[in-house]
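Asker:
This is how it looks when you write it as structure tokens:
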């Protein structure tokens with residue numbers, strides 16, 4: 001599974017002080033290593049949910065992965081997370097349709113990676129040509145562009161999911177923990193989606209904990 005980087009980066013201004021670039025590069029390498037370490041704790045279903053979140057972002061033309069995309073990813077993935085959502089009337093189609101509506105109301109652009117594509121074009125890099133070569137060499141679908149990055153809100157959801165798993169005594173982060181992480185969000189698009197779709201956050205959490213306890217017992 002290919003997971004996007006954990007957030008957009010500010011341009012580095014190195015000037016003559018090359019050590020600053022070195023420190024920045026090392027910091028990014030450490031951040032990437034931490035991300036890999038975290039995702040290694042995810043079950044295959046949880047990893048698939050995150051991958052589906054990336055697919056949802058790309059399908060909507062967004063160049064980021066927000067908590068709303070993680071919700072879409074959960075809905076599209078088998079597991080306790082989606083089972084609980086469906087039990088409370090939260091279906092993938094409704095979440096997708098309302099995500100489109102809210103994103104447009106919020107003025108979120110459907111860039112489809114065009115700014116990055118334009119920037120690469122100024123350097124003589126043709127993204128479509130790269131995709132064609134990758135498809136020819138490795139098979140269709142291997143080359144993904146753009147690779148959206150997690151927003152701070154999505155990063156917080158993932159971090160909370162890890163903490164929830166630990167609090168429940170689980171060595172692995174599963175889809176129910178991702179949903180618990182989403183339920184902690186209080187001011188983002190995912191929270192608005194669940195609220196507008198008449199989800200009861202407390203009831204969702206209780207259902208997850210009940211199912212988890214039943215499985216453990």
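Numbering (UniProt numbering), first residue to last: 1 to 217. In this text, a Cβ means the ideal position worked out from N, Cα and C, and glycines have one as well. Source: prediction; values computed, not measured.
(1) Could you tell me if residue 82 is buried or exposed, where buried requires 16 or more neighbouring beta carbons within 10 angstroms of its beta carbon?
(2) On the three-pair Cβ rule with 8 angstroms, is the stretch 150-170 touching the stretch 195-207?
(3) Going by DSSP, name the residue or residues bridged to residue 149.
(4) Going by alpha carbons, who is nearest to residue 231 out of 64, 40, 102 and 109?
(5) Please tell me whether residue 182 and residue 71 are closer than 7 angstroms, where the distance is taken between their beta carbons.
(6) Is the separation between the beta-carbon of residue 190 and that of residue 59 shorter than 7 angstroms?
(7) How big is the Cα-Cα spacing for residue 160 and residue 176?
(8) Assign residue 212 to buried or exposed, taking buried as 16 or more other Cβ atoms, counted over all protein chains shown, within 10 Å of its Cβ.
(9) Do the CB positions of residue 173 and residue 162 come within less than 7 angstroms of each other?
(10) So, under 8 angstroms CB-CB, residue 77 and residue 48 are touching, yes? Tell me the CB distance rounded to an integer number of Å.
(11) Among 215, 193 and 178, which has the Cα closest to the Cα of residue 51?
(12) In terms of DSSP beta bridges, what is residue 173 paired with?
(13) Just to confirm, are residue 188 and residue 217 a CB contact at a threshold of 7 angstroms?
Answerer: Taking the structure as given:
(1) Along the chain shown, one-based indexing puts residue 82 at 82. Residue 82 comes out buried.
(2) The stretch 150-170, when compared against the stretch 195-207, does not touch it at the 8 angstroms Cβ threshold.
(3) Indexing the chain shown from 1 puts residue 149 at position 149. Per DSSP, 64.
(4) It is not possible to answer for residue 231, since the shown part of the chain is limited to 1 through 217.
(5) What you label residue 182 is simply residue 182 of the chain shown in a count that begins at 1. What you label residue 71 is simply residue 71 of the chain shown in a count that begins at 1. Contact: yes.
(6) Your numbering for residue 190 matches position 190 in the chain shown. Your numbering for residue 59 matches position 59 in the chain shown. The criterion of a C-beta distance shorter than 7 angstroms is not satisfied by residue 190 and residue 59.
(7) Counting from 1 along the chain shown, the entry for residue 160 is found at position 160. Counting from 1 along the chain shown, the entry for residue 176 is found at position 176. Approximately 12 angstroms between the Cα atoms of the pair.
(8) On the chain shown, residue 212 is found 212 positions in, with the first residue counted as 1. Buried, since its Cβ has 16 or more Cβ neighbours within 10 Å.
(9) Taking the chain shown and counting its residues from 1, the one referred to as residue 173 is at position 173. Taking the chain shown and counting its residues from 1, the one referred to as residue 162 is at position 162. Yes. Within cutoff.
(10) Numbered from its first residue, the chain shown carries residue 77 at position 77. Numbered from its first residue, the chain shown carries residue 48 at position 48. With a Cβ gap of about 5 angstroms, residue 77 and residue 48 count as contacting.
(11) Here residue 51 refers to the residue found at position 51 when the chain shown is read from its first residue. Minimum Cα-Cα distance from residue 51 among the listed residues 215, 193 and 178 corresponds to 178.
(12) Along the chain shown, read from residue 1 onward, the residue named residue 173 stands at position 173. Within the DSSP secondary-structure output, residue 173 pairs in a beta bridge with 42.
(13) In the chain shown, residue 188 corresponds to position 188, counting from 1. In the chain shown, residue 217 corresponds to position 217, counting from 1. Taking 7 angstroms as the Cβ cut-off, residue 188 and residue 217 do not qualify as a contacting pair.
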